[in-house]
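Enquirer: Below you will find the structure I want to go over with you.
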Amino acid sequence: MRSISTKQILLTAFLWLCLALHGNAASWNEIVAQVDKDVAQTREAVRETRKIVQEERGKLQKELAELRGTVEQDEAGLKALKAQFETMLQTEETLRGEIEQEEEAARALEETIRTLAKDADEMIQRSLITAEQPSRRDAIRPMLDTERFPGMDDIETLAAVFSEEMAEGGKIRKRSGTFVNAQGAEVSGTILRIGKFTACYQLDGEVGYLRLDKDLQKLVAIPGKPPWGVRRAIRKYFFGESVHMPLDLTGGIIAEQVNQGQGVREWLDSGGLLVWPILIIAVVAMLLSLERLFSLGRIPTKTDKLMDRLRDLLSKGDVKGGQELCQKNPGIPTCNVLKAGLESVKASREVMENILEEAILKELPRLERFLSTLGVLAAIAPLLGLLGTVTGMIHTFQGITVFGTSDPRMMSGGISEALVTTQMGLAVAIPIMIAHHFFDRRVEKIIGDMEEKGTAVMALVVKSEE
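This note's numbering applies: residue 4 is where the sequence shown begins, and numbers increase by one.
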């Protein structure tokens, strides 16, 4: 409905007034009446318009209130949804963290199981038990596949493998089986496994150690022969004659080194050229020591019994008998000195002393023969060893200069030369020094005995003259 304002009413009245000024007086009343009528209608229209406006305003206010209530409800709902959304975000973050932790734990578990599987595979390849159970490795191989996630059955398999290894490692088994001998041929014999470290074989009276070949997955005889004492102990244990058994806890490494140990010739060759002069010194010193031992060993260091008999003869004035007694023992230096003294009994005391000293000096070359040579040889041997050490180190540094330090085997020759020559030089010099000291002390005792008995004879002669 259209509403009529006060301005429109006034405009309408003004128009009617203008028309009235141009009309006559008779129509004035009609105009006034018409104006009143229009005014009344206009007022009625205004009232209706106001009523309508008020009704519309009430409706609008009601709708506005409803809309405001709806907005408040929507805002409250939105706020609740936002809170719920935040809660869901937090829950999502928590769940993501838990998932990441679970994934990390799963990866760690997978890595642990795979590492254990690799360890088990290496253990199986090196274990002597594998020769008795070749199919053990088939259960481990699927776990090594990186595209496959290990399951509970894999864990149980690993536990069973390790448990079996520990159980078999504490047992001793003797069986008939095949192995590859030192010549590379597969033969049958008696196999003895002690735990998981040592295995031996017995074939036609021959015994030796076995090791597991990783490529063939078969027992292989270690080349060479163990020392005689080890073979004897193994043979006794095989036949139940002894409860003692030499074990190789390294899986055959030590047994291989012992079987392939250097002989005397290889050991000498590793020392270089200077080994041979040291050996010559050792041989010469040994011959000289044997000669001195034979010569000095026959000479007594004490002649007290002989001196007692000589004293009895001189006390009776039998000088000739004393000379004959000394002549019967020409190999004893003391007798030669006493004989020279008795031959000069009629000389003065000073002359007799000179004769005794001269006789002692005559015996010294025979007694001290080769002693100085032994002393020189004892000094030369370690010097040659030291020279070999210097030579070996020079060769070692030359190898380092040419090849670097990446391969230690390139330096082993020089180091062996340095160590072996020093070892041999000391090993030769020490016995020579001991022998030289022993012979020198024995010569000193013999010289002391000659001086003592010579002085005693001179005193007896002087006493008898008085």
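Beta carbons: idealized from backbone N, C-alpha and C, even for Gly.
Pick from Gly324, Ala362, Lys177 and Leu387: whose alpha carbon is nearest that of Ile283?
Expert: Position 280 of the sequence shown, counted from the first residue, corresponds to residue 283. The option with the nearest alpha carbon to Ile283 is Leu387.
Enquirer: Restricting to Cα atoms, I'd like to know which of Thr394, Glu327 and Ala438 is closest to Val379.
Expert: As a first step, residue 379 is located in the sequence shown; it is residue number 376 there, counting from the start. If we check each option's Cα against that of Val379, Ala438 comes out closest.
Enquirer: Are Leu345 and Gln326 close, meaning C-beta to C-beta below 8 Å?
Expert: Against the sequence shown, residue 345 aligns to sequence position 342. Against the sequence shown, residue 326 aligns to sequence position 323. Against a cut-off of 8 Å, the Cβ pair of Gln326 and Leu345 comes out as a contact.
Enquirer: For Leu195, write down the residues that DSSP places opposite it in a beta bridge.
Expert: The sequence position of residue 195 within the sequence shown is 192, counting from 1. According to DSSP, Leu195 bridges with Lys177 and Cys203.
Enquirer: Between the beta-carbon of Lys199 and the beta-carbon of Glu168, is there less than 8 Å?
Expert: For this step, residue 199 is matched to residue 196 along the sequence shown. For this step, residue 168 is matched to residue 165 along the sequence shown. The Cβ atoms of Lys199 and Glu168 lie closer than 8 Å to each other.
Enquirer: Are Met453 and Thr304 close, meaning C-beta to C-beta below 8 Å?
Expert: For the purposes of this step, residue 453 is taken as residue 450 along the sequence shown, with counting starting at 1. For the purposes of this step, residue 304 is taken as residue 301 along the sequence shown, with counting starting at 1. It is not a contact, given that the beta carbons lie outside the stated cut-off.
Enquirer: For Val210, report the span of its alpha helix (DSSP H) as first-last.
Expert: The count along the sequence shown starts at 1 and reaches residue 210 at position 207. Per DSSP, Val210 lies in no alpha helix (DSSP H); the unbroken beta strand (DSSP E) holding it starts and ends at Glu209 to Asp216.
Enquirer: When burial is assigned at 16 or more other CB atoms within 10 Å of the CB, is Thr306 buried or exposed?
Expert: Within the sequence shown, the letter at position 303 stands for residue 306. By the 10 Å Cβ count, Thr306 comes out buried.
Enquirer: For the segment 309 to 384, list the beta strand (DSSP E) runs that are entirely contained and at least 3 residues long, ordered along the chain.
Expert: none
Enquirer: Please classify Leu112: does DSSP put it in a helix, a strand, or coil?
Expert: To locate residue 112, count along the sequence shown from 1; it is residue 109. In the displayed model, Leu112 falls within a helix according to three-state DSSP.
Enquirer: In its own chain, which residues sit with a C-beta less than 7 Å from the C-beta of Ala224, not counting the 5 before and 5 after it?
Expert: Position 221 of the sequence shown, counting from 1, holds the residue named residue 224. Answer for Ala224: Phe182, Val183, Asn184, Ala185, Tyr204, Gly211 and Leu213, listed in chain order.
Enquirer: Roughly how many angstroms lie between the CA atoms of Ser427 and Val393, to the nearest whole one?
Expert: As a first step, residue 427 must be located in the sequence shown, where it is residue number 424. As a first step, residue 393 must be located in the sequence shown, where it is residue number 390. Going by the sequence as given, residue 427 is Met instead of Ser. Between the alpha carbons of Met427 and Val393 lies a gap of roughly 14 Å.
Enquirer: Give the secondary structure of Leu119 by DSSP, where H, G and I count as helix, E and B as strand, and everything else as coil.
Expert: Here residue 119 refers to the residue found at position 116 of the sequence shown. In the structure shown, Leu119 sits in a helix (DSSP, three-state: H, G or I).
Enquirer: For Met146, which residues of its own chain have a beta-carbon under 6 Å away from its beta-carbon, when the five flanking residues on both sides are left out?
Expert: Residue 146 sits at position 143 when you count from the first residue of the sequence shown. Excluding positions up to five away in sequence, the list reads Ala120, Pro153 and Asp157.
Enquirer: Under 8 Å Cβ to Cβ from Asp356, same chain only, skipping five residues before and after it: list those, please.
Expert: On the sequence shown, position 353 is the one that residue 356 refers to. Checking the sequence, you will find Glu at residue 356 rather than Asp. Correct list, in chain order: Met461.
Enquirer: The alpha helix (DSSP H) with Lys221 in it runs from where to where?
Expert: Taking the first residue of the sequence shown as position 1, residue 221 is located at position 218. Per DSSP, Lys221 belongs to no alpha helix (DSSP H); it is in the beta strand (DSSP E), Lys221 to Ala224.
Enquirer: Could you check whether Gly391 and Ala421 sit closer than 8 Å to each other, using their CB atoms as the reference points?
Expert: Counting from one through the sequence shown, the residue named residue 421 turns up at place 418. Counting from one through the sequence shown, the residue named residue 391 turns up at place 388. Result yes, Cβ atoms of Ala421 and Gly391 sit closer than 8 Å.
Enquirer: Should the segment 98 to 106 be regarded as contacting the segment 82 to 90, the criterion being three or more beta carbon pairs within less than 8 Å?
Expert: no
Enquirer: Apply the 10 Å Cβ neighbour rule to Ser179 and answer buried if 16 or more other Cβ atoms are within range, or exposed otherwise.
Expert: Position 176 of the sequence shown, counting from 1, holds the residue named residue 179. Ser179 should be labelled exposed.
Enquirer: Taking the alpha helix (DSSP H) that Val278 belongs to, which residues open and close that run?
Expert: As a working note, residue 278 is residue 275 in the sequence shown. Run containing Val278: Val278 to Gly300, per the alpha helix (DSSP H) assignment.
Enquirer: Can you tell me whether Phe241 is helix, strand or coil according to DSSP?
Expert: Taking the first residue of the sequence shown as position 1, residue 241 is located at position 238. Phe241: helix per DSSP, three-state reduction.
Enquirer: With 16 other CB atoms within 10 Å as the buried threshold, where does Ala79 fall?
Expert: On the sequence shown, residue 79 is found 76 positions in, with the first residue counted as 1. Exposed: under 16 other Cβ atoms inside 10 Å.
Enquirer: Can you give the Cα-Cα distance for Leu277 and Ile397, rounded to whole angstroms?
Expert: Taking the first residue of the sequence shown as 1, we reach residue 277 at position 274. Taking the first residue of the sequence shown as 1, we reach residue 397 at position 394. The straight-line gap from Cα to Cα measures roughly 14 Å.
Enquirer: Which word fits Val446, buried or exposed, when buried means at least 16 other C-beta atoms lie within 10 angstroms of its C-beta?
Expert: Walking along the sequence shown from the start, residue 446 turns up at place 443. Buried.
Enquirer: In the DSSP output, which residue or residues are listed as bridge partners for Phe182?
Expert: Residue numbering aside, residue 182 sits at position 179 when the sequence shown is read from its first letter. Looking at the DSSP assignment, Phe182 forms a beta bridge with Val190.
Enquirer: Among Ser191, Leu377 and Ala362, which one has its Cα closest to the Cα of Gly457?
Expert: Indexing the sequence shown from 1 puts residue 457 at position 454. Of the listed residues, the one whose Cα sits closest to Gly457 is Ala362.
Enquirer: How about Gly274 and Thr424: do their beta carbons lie closer than 8 Å?
Expert: Position 271 of the sequence shown holds residue 274. Position 421 of the sequence shown holds residue 424. In contact: Gly274 and Thr424 (Cβ atoms closer than 8 Å).
Enquirer: For Glu366, count neighbouring C-beta atoms within 10 Å of its own C-beta (all shown protein chains included) and say buried if the count is 16 or more, exposed if not.
Expert: Translated into the one-based positions of the sequence shown, residue 366 becomes position 363. With 16 or more other Cβ atoms within 10 Å, it is buried.
Enquirer: Are there 16 or more other CB atoms within 10 angstroms of the CB of Thr133, so buried, or fewer, so exposed?
Expert: Against the sequence shown, residue 133 aligns to sequence position 130. Thr133 counts as buried, since at least 16 other C-beta atoms from the protein chains shown sit within 10 angstroms of its C-beta.
Enquirer: Rounded to the nearest angstrom, what separates Ile335 and Arg235 at their Cα positions?
Expert: Position 332 of the sequence shown, counting from 1, holds the residue named residue 335. Position 232 of the sequence shown, counting from 1, holds the residue named residue 235. Each residue's Cα considered, the two are about 52 Å apart.
Enquirer: So which of Ala83, Ile383, Val464 and Gln401 has the shortest CA-CA distance to Ile435?
Expert: Here residue 435 is taken as the residue at index 432 of the sequence shown, counted from 1. The shortest C-alpha separation from Ile435 is found at Ile383.
Enquirer: Using the rule of at least 16 other Cβ atoms within 10 Å of the residue's Cβ for burial, across every protein chain shown, is Ile433 buried or exposed?
Expert: As a first step, residue 433 is located in the sequence shown; it is residue number 430 there, counting from the start. Answer is exposed; the Cβ neighbour count stays below 16.
Enquirer: Look at the alpha carbon of Leu81 and the alpha carbon of Ile55, and state the distance between them as a whole number of angstroms.
Expert: Against the sequence shown, residue 81 aligns to sequence position 78. Against the sequence shown, residue 55 aligns to sequence position 52. Each residue's alpha carbon lies about 37 Å from the other.
Enquirer: So, is Lys319 buried or exposed, given that buried needs 16 or more other C-beta atoms within 10 angstroms?
Expert: Here residue 319 is taken as the residue at index 316 of the sequence shown, counted from 1. Exposed, because fewer than 16 other Cβ atoms sit within 10 Å of the Cβ of Lys319.
Enquirer: First and last residue of the alpha helix (DSSP H) that includes Ile132?
Expert: Mapped onto the sequence shown, residue 132 falls at position 129. Careful: Ile132 lies outside any alpha helix (DSSP H) and carries neither H nor E.
Enquirer: What is the C-beta distance between Leu195 and Lys177, in whole angstroms, given that I count them as a contact (C-beta under 8 Å)?
Expert: The residue labelled residue 195 in the question sits at position 192 within the sequence shown. The residue labelled residue 177 in the question sits at position 174 within the sequence shown. That belief holds up - the Cβ atoms of Leu195 and Lys177 are roughly 5 Å apart, short of 8 Å.
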